[in-house]
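Visitor:
Protein chains: 2
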Amino acid sequence: MNADASGGKTLMNGNEKLEKARERIIESIAQNIHLYGLTPSAGRQYGTMFFHNEPLTLDDMTEELGMSKTSMSTSVRALSDLKLVERAWKRGVRKDLYQVKDDWYQSFLDLFSIKWRRSVSFHSAAIRRSLAELEELVIDPAIDDGLREEVTIDIEKLLYLRDYYEWLDRLVDAFEDHDIFNLVPIKKPEKDTPNK
Amino acid sequence: MNADASGGKTLMNGNEKLEKARERIIESIAQNIHLYGLTPSAGRQYGTMFFHNEPLTLDDMTEELGMSKTSMSTSVRALSDLKLVERAWKRGVRKDLYQVKDDWYQSFLDLFSIKWRRSVSFHSAAIRRSLAELEELVIDPAIDDGLREEVTIDIEKLLYLRDYYEWLDRLVDAFEDHDIFNLVPIKKPEKDTPNK
DNA sequence: AAGTTCGTACAGTTTTTTCTGTACAAACCA
DNA sequence: TGGTTTGTACAGAAAAAACTGTACGAACTT
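Line by line, the protein sequences give chains S and H. In terms of the working numbering, the first sequence opens at residue 3 and continues consecutively. In terms of the working numbering, the second sequence opens at residue 3 and continues consecutively.
#1: Does the beta-carbon of G68 (chain S) have 16 or more other beta-carbons within 10 angstroms, so that it is buried, or is it exposed?
#2: What does a CB cutoff of less than 6 Å around A176 (chain S) pick up in its chain, not counting 5 residues either side in sequence?
#3: If we call anything under 7 Å between Cβ atoms a contact, is S121 (chain S) one with L37 (chain H)?
#4: Check each candidate in S:K22, S:Q33, S:A23, S:D171 and name the one with the smallest Cα separation from S123 (chain H).
#5: Please identify, using Cβ separations under 9 Å, the residues of the stretch 32-55 of chain S that lie next to chain H, in order along the chain.
#6: Would you mind giving the Cβ-Cβ distance between L139 (chain S) and V153 (chain S), rounded to the nearest angstrom? I have them listed as a contact below 8 Å.
#7: Determine, using beta-carbon pairs with one atom in the stretch 103-111 of chain H and one in the stretch 155-171 of chain H, whether at least three such pairs fall under 8 Å.
#8: Just to confirm, is the Cβ distance from L163 (chain H) to I129 (chain H) under 7 Å?
#9: Take the Cβ of D179 (chain H) as the centre, count every other Cβ of all protein chains shown within 10 Å, and call the residue buried at 16 or more, exposed below.
#10: In whole angstroms, what is the alpha-carbon distance linking E135 (chain S) and A23 (chain H)?
#11: Of all the options S:E88, S:F114, S:F53, S:D98, which has the alpha carbon lying nearest to the alpha carbon of K71 (chain S)?
#12: Can you tell which of H:R96, H:V186, H:V78, H:G94 has its C-alpha closest to the C-alpha of E88 (chain H)?
#13: Looking at the strands, I want to know which residues DSSP matches up with V87 (chain H).
#14: Here's the rule I'm using: 16 or more other beta-carbon atoms within 10 Å means buried, otherwise exposed. How should Q47 (chain S) be labelled?
#15: According to the neighbour-count rule (16 or more other Cβ atoms, all chains shown, within 10 Å of its Cβ), is S132 (chain H) buried or exposed?
#16: Chain S partners of I141 (chain H), CB-CB under 7 Å?
#17: Under 8 Å Cβ to Cβ from N184 (chain S), same chain only, skipping five residues before and after it: list those, please.
#18: Within the 7 Å Cβ cut-off, does K19 (chain H) reach chain S?
#19: Figure out for me which residue from S:D165, S:N17, S:L86 has the closest Cα to the Cα of L40 (chain S).
#20: At the level of alpha carbons, what is the spacing between I155 (chain S) and L111 (chain H)?
#21: Cβ of A128 (chain H) less than 7 Å from any chain S Cβ?
#22: I need the boundaries of the alpha helix (DSSP H) containing L42 (chain H), first residue and last residue.
#23: Let me know if I27 (chain S) comes out buried or exposed under the rule of 16 or more other beta-carbons within 10 Å of its beta-carbon.
#24: Tell me which residues of the stretch 160-171 of chain S have at least one Cβ-Cβ distance to chain H shorter than 8 Å, keeping chain order.
#25: Which residue wins for smallest C-alpha separation from E21 (chain H), given the options H:G49, H:R93, H:L60?
#26: Compare the C-alpha of A80 (chain S) against each of S:A44, S:E56, S:R96, S:L58 and name the closest.
#27: With 16 other CB atoms within 10 Å as the buried threshold, where does K92 (chain S) fall?
#28: I'd like the span of the alpha helix (DSSP H) that includes A1 (chain S), first residue to last.
#29: Roughly how many angstroms lie between the CA atoms of L60 (chain H) and Y166 (chain S), to the nearest whole one?
#30: Note down, in chain order, every chain H residue with its Cβ under 8 Å from the Cβ of A176 (chain S).
#31: Return no unless some Cβ of chain S is closer than 7 Å to the Cβ of A23 (chain H).
#32: Which same chain residues end up closer than 6 Å to S109 (chain S) when comparing Cβ atoms and leaving out the 5 residues on each side of it in sequence?
#33: Could you please give me the residues that DSSP links to L204 (chain S) through a beta bridge?
#34: Select from the stretch 70-84 of chain S all residues with a C-beta closer than 8 Å to any C-beta belonging to chain H, and list them in chain order.
In structure tokens:
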């Protein structure tokens, strides 16, 4: 079991060490993926795929994670919806193959875009409607002055919100268009240059 | 009940209209607050506070939302942790008073900062550790070449992640320092200027 | 066309989260 | 000091979410 031929100070062999180092990262992803609105299981799935150098099938994942194929199917779909994972092809393989997208910067931008764009348009629609209603209400001569004042205050608030979501929309634009990299540049493009 | 003195085309009176307009916004917030990691209930609580022009006590919220005081207490804490809500004081009132922070831009930046900063440092720590272990492992003469190659690949991956989180950290800086407003400016500062 | 294989819809179960009521400590009041 | 009032910890109930097994349609094989 613990036979260790080398004169090292550890009881673990090399494979175990590698596995442990990977496991730590995977667990770290699992614990933080809630920021992406995903479950720890999906995070573990992602992490597993991340360290596999070949694309995986649903059956592979079932094997690796000891979970049902149904679960693998649903969570790989969730990962794909957020563009964290993409399909791959390999000739001769009939099963669907999946692999992680390797550009994490882009994945982050995609996440941001998908999540917040949806939110902005949802909110904007609600604000537009309520604003229209209140602007109609405020000029209604039949309402009393106390109410009119309340309505006026609410209109102010909604105008503020409208501006805010308009700003948020432009922020998403800046992410989508990669303008954000002008403000916060990526240091090392892809390859690391030797010696500084 | 539906006595409507005005000659309007609606059956609702002014108060109902106002209430409906508010309700739409509140529900919109409730449906989207999951982006902040909060429950719809907390969102409704926030929305209710948003339209109240006076700070609210826990008992007020219990009244407004028909939920237990315990729930109000826990979710107002969650809202405070994300700096969406702050305590207020009013002389003569013994109870704790809460109100929404009125700067949504700042709230957004706070959220971003709180959520992602924590994530970055968590990930970075894991990466540092695993990287150290693997760099020790890769120079171990006792491991075979197949394993060494795998370890080398993983080290590459971890270096990539390290760069990525370093970038994310700088991105959070840019938000915290308000540099983001240089890239995506707020249009109307606070007050809306009449006639452009 | 019959037989496989694969992915997912769906219903039911397990697990997790949210919510409530009770209980109690701290602060205030008289 | 004894009596309120206020906020929250905690245990249990209710609600929601995650997960599994079965079933089935679609695509491929022969």
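Ideal Cβ placement from N, Cα and C applies to all residues, glycine included. Here the structure is a predicted model, which is why all the values come from computation and not from measurement.
Guide: Once the coordinates are examined:
#1: Exposed, because fewer than 16 other Cβ atoms sit within 10 Å of the Cβ of G68 (chain S).
#2: Around A176 (chain S): I182.
#3: yes
#4: S:Q33
#5: Q33, N34, H36, L37, G39, F52, F53, N55
#6: About 5 Å separates the Cβ atoms of L139 (chain S) and V153 (chain S), confirming a contact at the 8 Å cut-off.
#7: no
#8: yes
#9: Taking all protein chains in view, the Cβ of D179 (chain H) is surrounded by fewer than 16 other Cβ atoms within 10 Å, so the residue is classified as exposed.
#10: 7 Å
#11: For the options S:E88, S:F114, S:F53, S:D98, the alpha carbon positioned closest to that of K71 (chain S) is the one of S:D98.
#12: H:V78
#13: H:V102
#14: buried
#15: buried
#16: What I141 (chain H) touches in chain S: nothing, since even the nearest Cβ is about 12 Å away.
#17: none
#18: yes
#19: S:L86
#20: 25 Å
#21: At least one beta carbon of chain S lies nearer than 7 Å to the beta carbon of A128 (chain H).
#22: In the sequence on display, residue 42 (chain H) carries Pro and not Leu. It spans 42-53 - the alpha helix (DSSP H) in which P42 (chain H) sits, taken as one unbroken run.
#23: buried
#24: L160, L161, Y162, L163, D165, Y166, E168, W169, L170
#25: For E21 (chain H), the nearest C-alpha among the options comes from H:G49.
#26: With distances taken between Cα atoms, A80 (chain S) lies closest to S:A44.
#27: exposed
#28: The structure shown does not extend to residue 1 (chain S), since chain S spans only 3 to 198, so no value can be given for it.
#29: 28 Å
#30: The contact set of A176 (chain S) on chain H, defined by CB atoms closer than 8 Å, consists of L185, V186 in chain order.
#31: yes
#32: L86, K103
#33: Nothing can be reported for residue 204 (chain S), as the shown portion of chain S is limited to 3 through 198.
#34: none
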